[in-house]
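Residue 20 is where the sequence shown starts when you use our numbering, and the numbers rise one by one after that. Even glycine gets a Cβ: it sits at the ideal position worked out from N, Cα and C.
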Amino acid sequence: MPEQFSLIDQAERQCLARGARFTPIRRRVLELIAASHGALKAYDLLDQLAKEHGAARPPTIYRALDFLIAQGLVHRIESLNAYLACHCPEHQHGFQLLICRGCGRVEEMHDDDLGSRLAASASAHGFTIERQTVELEGRCGECIAQGLTSVESSAH
20 MPEQFSLIDQ
30 AERQCLARGA
40 RFTPIRRRVL
50 ELIAASHGAL
60 KAYDLLDQLA
70 KEHGAARPPT
80 IYRALDFLIA
90 QGLVHRIESL
100 NAYLACHCPE
110 HQHGFQLLIC
120 RGCGRVEEMH
130 DDDLGSRLAA
140 SASAHGFTIE
150 RQTVELEGRC
160 GECIAQGLTS
170 VESSAH
């Protein structure tokens, strides 16, 4: 839990420094994503908020998610249509996501050299990258060790 709280505190400080409003609903959405230690879909967030507040609606969740993404606090996992807390929000960076097909775990990876190489290659083709999403699917070390091959096999 301490990591979650430091992430939330860091997010609050970052928003304050940028003059961005870190409202209670935005904070709660980030808390839920951070506490999940993995990816969450918008409707999973909606269900959790509805249990707490009763009248949560999809636009509320999506507006909060859009804000958190714009602030660099959350990543959208395109292939899963899910969201993951960013653990380095203070650093503007390229990132890659490792998605385990065995247990469903998603891990953020940082290879700044990869991002630079992609930008240089794109530039050589006369292309400017505006947004970069790199998602790598495979199996994590634990799933390989356990011989797990699909999400329904198990979770660790």
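Any chance the stretch 90-101 sits against the stretch 131-142, with 3 or more Cβ pairs inside 8 angstroms?
no
Distance, C105 Cα to I163 Cα:
26 angstroms
Taking the alpha helix (DSSP H) that Q67 falls in, what are its first and last residues?
A61 to H72
Determine the extent of the alpha helix (DSSP H) in which Q165 is found, giving its start and end residues.
G160 to Q165
Quick one: using the 10 Å Cβ neighbour count with 16 as the cut-off for buried, is M20 buried or exposed?
Because M20 sits at a pLDDT of 45, beneath the cut-off of 50, its placement in the model cannot be relied upon, and the point is left open.
Checking 8 angstroms against the spacing of the C-beta atoms, do I27 and V48 come in under that value?
no
Return the residue from the list E149, C119, P77 and V125 that minimises the CA-CA distance to G166.
C119
Does L35 come within less than 8 angstroms of chain C when only Cβ atoms are used?
Here chain C cannot be found, since the structure has a single protein chain.
Going by the beta-carbon positions, is the gap between L87 and R45 smaller than 8 angstroms?
yes
Would you list the residues sitting across from L117 in a DSSP beta bridge?
E126 and L155
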